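Residue numbers (mature numbering (1 follows the signal peptide of the UniProt record, and there is no 0)): -25 to -1, 1 to 343.
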Amino acid sequence: MMHLNRRRVIGAGLATMAAATVAYAATPKRPLIVGHRGAPGYLPEHTIPGYELAIKMGADFIEPDVVSTSDGHLIVRHEPLLSVTTDVADRPEFAGRKRTRKLDGIDTTDFFTCDFTLAEIKRLRARQAFASRDHSHDGLYQVQTLQEVIDLAQTKSRETGLVIGLYPEIKHPTFHQQLGLAIEDKLLDTLNRAGLDEASSPVIIQSFETANLKYLRRKTTIRLMQLIDGSDTDPDTGAMILKAPSDKPYDWVVAGRAGDNREQLSAAGLKEIATYADIVAPWKRHLLSFAKGQPVRRKDIIDNAHACGLQVHTWTMRSDQLDPYYNGDAQKEYFDLFDLGVDGLFTDFADAGVKARDTWMRDGTPSV
């Protein structure tokens, strides 16, 4: 863990980073490029080499998804599940750890991070999550703690003189809270010890749930982002299809609140989000879907969000999973979303995102 006296050592660097972050935020026509889970288009997600590659490719922020171990340590995995992204199933000493738990109300059978200590987690090795991507690095890299990712970002910021932001997502907050492993205060404590505790800090905290973001808003000035999920789109109309558990925030389910994610993206819903968050991030198909092969653009969502002071980010750009409309040209999808007015994009391929953003800035006609 980072000790308090390290704040003196990194203070000057953080001041520079904070000033650069403020300047960055004041340039709304330059969309943010976020290395989604690092650079998982090339290397296993949430690994130090993956984050380093995203930084080398020019990502403005890197994104660690945050979950908890049984002994309360914050580690980075996309979910509190281990079978897809690690070699846990190949380790006979952990065969008895596989179990079924309810995750956002759904019976889920897997190896859960909350059933492993940090020492046990450190014995595992990461794997590429997508079958179609390069698996030559499987088994080489440890599962990282959040602190290790913070240390990396701050080291790279000092080395390069650039802002390397952190965009942590609190995964399944209700699930962790019900286990007595709540993430929110531990995350704030970790960021505070690193000197990353101001609105101007290069940090944005995100969540699909709403209650934990409202709680955080009362405790911190760090920027907050509300994620908005989706399930699929109607190929004939482009309309959003919503199915549980991606139809509404799970804390709404627990609280018995009516409505769904479409309500969150209404003008009234966006105004509510603006009372506790700085950014809204709908799945990209809320903003750009396809009907009978042609794009359906929802610029009204972006305009309404901007009207109430929210920035709009979206996810996830994947050069190897493009809609047929783009005919294999990933840059065109970036341009479509930039032209709609998004302020930031999460991408598995940070190099493609940075190149598209820079080309659009140089040759395009920014519309924000």
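Backbone N, C-alpha and C fix where the C-beta goes; we use that ideal spot for every residue, glycine too.
Given the structure is predicted, the values throughout are model-derived calculations rather than measurements.
Beta-bridge partners of SER264 (DSSP): VAL271. From the listed residues TYR26, LEU18, SER182, the smallest Cα separation to LEU115 is found for LEU18. Residue state for THR83 is assigned as strand, using DSSP reduced to three classes. Minimum Cα-Cα distance from ASP295 among the listed residues ALA252, ILE158, PHE105, GLY339 corresponds to PHE105.
Between ASN187 and GLU144, the gap from beta carbon to beta carbon reaches 7 Å or more. At a Cβ-Cβ threshold of 7 Å, HIS147 and SER43 do not count as neighbours.
Spatial neighbours of TYR190 in its own chain (CB-CB distance under 7 Å, excluding positions within 5 residues in sequence) are listed in chain order as GLU159. Taken in chain order, the complete beta strand (DSSP E) segments of 3 residues or longer contained in the region 285 to 315 are 286 to 292.
Residue nearest to GLU134 within the set GLU27, ILE96, SER111 is GLU27 (criterion: CA-CA distance). Rounded to whole angstroms, the gap between the alpha carbons of VAL255 and LYS73 is 35 Å. Rounded to the nearest whole angstrom, the CA to CA distance from PHE87 to LEU57 is 6 Å. C-alpha of GLY25 to C-alpha of PRO39: approximately 11 Å in a straight line.
Counting along the chain, LEU245 sits inside no beta strand (DSSP E); it lies in the alpha helix (DSSP H) bounded by residues 242 to 248.
The beta carbons of ILE216 and ASP209 sit about 6 Å from each other, so the pair counts as a contact at 8 Å.
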